[in-house]
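J.: 39 is the number of the first residue of the sequence shown in this note's numbering; add one for each residue after it.
Every residue, glycine too, gets a C-beta built ideally from N, C-alpha and C.
Treat the numbers as computed from the prediction; the structure is a model and nothing was measured.
Mind looking over this structure? Questions follow.
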Amino acid sequence: MSDTIRLDGRVLYLSQDPAVIEAQLAGENFTRATAGALRDNVSTDEITPVTVMLTYDERLGQYPYVGFKAGERMPIGRDAVKDGGFQVTVAGKRYGKGSSRESSPLAELSAGIRLIVAESFERIYQQNCDNIGILTTTDFSVLDRLVAGEAVPIDEFLKGRDALTQQIIRSGGLLAYSKFADWPAPRVRETANTVSAANAANATEPKTLVEKIIARHLHPGVESAQRGDGVFIAADWRFSHDYFTGMCAHLMHRAFGKPAPLHAPDHIIAFQDHLVLASQSIPHVRDGLLPGVANLMEGHTSFSHDYPVRSHGALDNSPGSEGICHALMAEQYALPGQVACGTDSHTPHSGALGCLAFGAGATDIANSWVTGYVRCKVPETLRIEIDGTLRDGVTAKDVVLHLLQMDAIRSGGAIGLVFEYGGAAVRAMSIDERATLTNMVAELGGFTGIVEPDERTVAFLKERRGVDFTLENWMKSDPGATYRDTICIDATAIEPMLARPGDPGNGVPAPQLEQDVAIDIAYGGSCTAGKREDFDFYHEVLRWGVEQGMRVPEGTRLFLQFGTMAVRAYCERQGYLPVFERAGVTLVMPGCGSCANCGPGQSAHANEVTISAINRNFPGRSGPGNVWLASPYTVAASALAGKITTFEQLKRARG
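Listed below in structure tokens is the structure:
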């Protein structure tokens, strides 16, 4: 990369005012002062909606920001950024939140964007930018210097970045760096504190569980690492799904040749889950997108056929898959103390088992397939201590929505942190419920989530997988370990929660909803809410409703989607399916479906209202209509009522 950066194009300010956006696209230039308030929380769903993610090359340059919402409008159309000659994008807080899709920065890069300036960035998005050669900064004075015509030294864009990341940025990206790096065979160190005598002091320092896992998996060329250091760690499991397998393989072959020399291919997994229901997806059928889906699927299946990797595919007899990648990782693969990385921001799901699981972009995964290593920064940890007992009808989903509405989280104060969950309420949770806590660290902005493994973990592994697992003494945080902060929550104070449309952080206790909100669609499913215990919750509400002579009213539709086929088999054994039929449920086979705006349960029109148990409700996430987030209990109760209500409120209303 050049030693200096000069502004040769225009600056695009992502303003809250759609008129400012439209004026810029028409050729008018603004300053930070005249652009008005900048949009916060610009998500990757807005940068590249899933309906444009049907290619994994430079053609994405037609589409950046086509889902971007200013006011109530989406003012940026196809080719607008490229045709406008923009080189710099400027935004507010938490830029690039949401999905780990590397399609977003690739679309920006391919449209001519070379620099993103924002008040703060989400971890995966910024790392993806580093990997493909887009510069980022939170220093607005650098923007002022560029606009003034100054050639700014590259060092200005390296400030505050760890040494490894600086090397990768200087190299022009991860794969350019990787081709000249040393990649010895990965090995797990026998103890968390295997370091040289020179690092003995660090070895005896109390560590968190994640710090211990990282220490055991460090690249052999690194004796020890401190918080904030960029490192490569050996990954026990590396996976991709059908949206990104083709992109990963394309990047890998471009860097390492074809066939590429995969490291431990039996520990690489290809999941076909995100696009398996595209034939039932409104926009994909209506807009002629199925050929693009076929293009992505061809890239996925070619990789899984050409290499001896593990693969989970589509069902033979009906639309759907064996299961969603995160749920299958917990059901079949991840173990306490391991490292798992995947091409999805909800990879922390498996942290419920006490492993280090985190999402990464396509370039990181492509590199890991060949080297066996994945890059991360040794993170700081935020302790979430939840004591007491949750009320009846309050679930882990309510806990996360409660956390999300806290100012410290909404402002981006937890970006890149580990969420270490503990306390009596967490210890009382099943692994399925713990997985909701760790899964939605993606929405909280953290690096990953983790729960110390215990006897519930051992019982889960035995019952679900037939694995006799023995906990080791090191598999817990040390007394005196260093935390960035500790958030203490009284479980008894948490009410059933909602998140208003637009962002998972728009939380409000359901009993405080001031007016009735009629719903058109209720949806329960996804990796977050398609587990066995989630279906226990759906069934509990719907069985009560059926016994009361209730069913889903005309004009409202309730979709329940299994996270895996094992969950469907569980529901069949438990006798749930007849109850669901009597209640008027539409059952959907496993897949990401409407959560990825790609299957049954999505809205068709902007005036439709959905209440959903999925993890995020960014604009356009599940169709053009507004999406409220809630727990499985509240989704099922609302479906019976035809309006947003909790199970407790529904029972009182019928009493």
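Tell me glycine 545's beta-bridge partners as DSSP assigns them.
T.: Looking at the DSSP assignment, glycine 545 forms a beta bridge with Ala537.
J.: Taking lysine 415 as the reference, which of Ile424, Trp407, Phe178, Ala398 has the closest Cα?
T.: Ala398
J.: How would you write the range of the alpha helix (DSSP H) that arginine 502 sits in, first residue to last?
T.: 493 to 503
J.: Suppose contacts are defined by Cβ-Cβ distances below 8 Å. Is aspartate 436 in contact with isoleucine 532 by that definition?
T.: yes
J.: Give the straight-line distance between the Cα atoms of glutamate 157 and phenylalanine 573, rounded to the nearest whole angstrom.
T.: 40 Å
J.: State the CB to CB distance for the pair glutamate 15 and proline 657, rounded to an integer number of angstroms; the pair is presumed to be in contact (CB under 8 Å).
T.: Because the chain is modelled from 39 through 693, residue 15 falls outside the range shown and cannot be assessed.
J.: Leaving out five residues before and five after tyrosine 459 in sequence, what residues of the same chain have Cβ atoms less than 8 Å from its Cβ?
T.: Ile422, Ile424, Arg472, Leu475, Thr476, Gly487, Ile488, Val489
J.: I'd like to confirm the pairing. Which residues does DSSP put opposite glycine 397 in its beta bridges?
T.: Gly380
J.: Can at least three beta-carbon pairs, one atom from the segment 332 to 339 and one from the segment 245 to 258, be found at a separation below 8 Å?
T.: no
J.: Could you check the C-alpha separation between serine 775 and aspartate 382 for me, to the nearest Å?
T.: A question about residue 775 goes unanswered here, because the residues of the chain that appear run from 39 up to 693.
J.: Do leucine 391 and leucine 420 have their beta-carbon atoms positioned less than 8 Å apart in this structure?
T.: The beta carbons of leucine 420 and leucine 391 sit no closer together than 8 Å.
J.: Could you check if valine 323 is buried or exposed, using at least 16 other CB atoms within 10 Å of its CB as the buried criterion?
T.: Counting Cβ neighbours within 10 Å, valine 323 comes out exposed, since fewer than 16 surround it.
J.: Can you tell me whether proline 517 is buried or exposed? The criterion is at least 16 other CB atoms within 10 Å of its CB, across all chains shown.
T.: exposed
J.: So, using beta-carbon positions, are glutamine 164 and glycine 134 closer together than 8 Å?
T.: yes
J.: Return yes when the Cβ of leucine 212 is within less than 8 Å of the Cβ of phenylalanine 195, no when it is not.
T.: In this structure, phenylalanine 195 keeps its C-beta atom at 8 Å or more from the C-beta atom of leucine 212.
J.: Check whether the Cβ atoms of valine 456 and threonine 246 sit closer than 8 Å, and answer yes or no.
T.: Their beta carbons are under 8 Å apart, which means valine 456 touches threonine 246 by this criterion.
J.: So glutamate 146 and asparagine 166 are in contact, right, with Cβ under 8 Å, and what is the actual spacing, rounded?
T.: Taking a contact as a CB-CB distance under 8 Å, the pair glutamate 146 and asparagine 166 does not count as one, their CB atoms being some 10 Å apart.
J.: Quick check on DSSP: helix, strand or coil for alanine 214?
T.: helix
J.: What are the start and end residues of the alpha helix (DSSP H) that includes glycine 284?
T.: 283 to 294
J.: CA-CA distance, valine 715 and aspartate 470?
T.: With the chain represented from 39 up to 693, any question about residue 715 goes unanswered, as that position is not in the structure.
J.: Where does phenylalanine 195 fall in DSSP's three states?
T.: helix
J.: Decide yes or no for the touch test of the segment 47 to 57 against the segment 103 to 119: beta carbon pairs closer than 8 Å, at least 3 of them.
T.: With the cut-off at 8 Å, the segment 47 to 57 and the segment 103 to 119 touch.
J.: How long is the line joining the alpha carbons of glutamate 510 and threonine 433, rounded to whole angstroms?
T.: 29 Å
J.: Would you kindly work out how many angstroms separate the C-alpha atoms of alanine 263 and asparagine 645, rounded to a whole number?
T.: 52 Å
J.: For arginine 589, which residues of its own chain have a beta-carbon under 6 Å away from its beta-carbon, when the five flanking residues on both sides are left out?
T.: Ala621, Gly622
J.: Mind listing, in chain order, the continuous beta strand (DSSP E) runs of no fewer than 3 residues lying wholly within the segment 401 to 457?
T.: 411 to 415, 419 to 425
J.: Assess contact between the segment 64 to 79 and the segment 296 to 305, defined as three or more Cβ pairs (one per stretch) separated by less than 8 Å. Is contact present?
T.: no
J.: For the ligand NAP, I want to know if leucine 615 counts as a neighbour, meaning its beta carbon is within less than 7 Å of at least one of the ligand's heavy atoms.
T.: Looking at this structure, you won't find the ligand NAP or any other ligand, since it has none at all.
J.: Answer with buried or exposed for glutamine 550, where buried requires no fewer than 16 other C-beta atoms within 10 angstroms of its C-beta.
T.: exposed
J.: State the Cα-Cα distance for the pair methionine 290 and asparagine 405, rounded to the nearest angstrom.
T.: 7 Å
J.: Could you name the residues that DSSP lists as bridge partners for alanine 352?
T.: Looking at the DSSP assignment, alanine 352 forms a beta bridge with Ser359.
J.: Report buried or exposed for cysteine 223, applying the criterion of at least 16 other Cβ atoms within 10 angstroms of its Cβ.
T.: Checking the displayed sequence, the identity of residue 223 turns out to be alanine instead of cysteine. Exposure of alanine 223 is indicated by the presence of fewer than 16 other C-beta atoms within 10 angstroms of its C-beta.
J.: Mind checking valine 505: buried by the 16 CB within 10 Å criterion, or exposed?
T.: Valine 505 counts as exposed, since fewer than 16 other beta carbons sit within 10 angstroms of its beta carbon.
J.: Where methionine 603 and methionine 627 are concerned, what is the direct C-alpha to C-alpha distance, given to the nearest angstrom?
T.: 8 Å
J.: Please report the distance separating the alpha-carbon of threonine 648 from that of leucine 184.
T.: Threonine 648 and leucine 184 have their C-alpha atoms some 45 Å from each other.
J.: What is the DSSP secondary structure of arginine 694, counted as helix, strand or coil?
T.: The structure shown does not extend to residue 694, since the chain spans only 39 to 693, so no value can be given for it.
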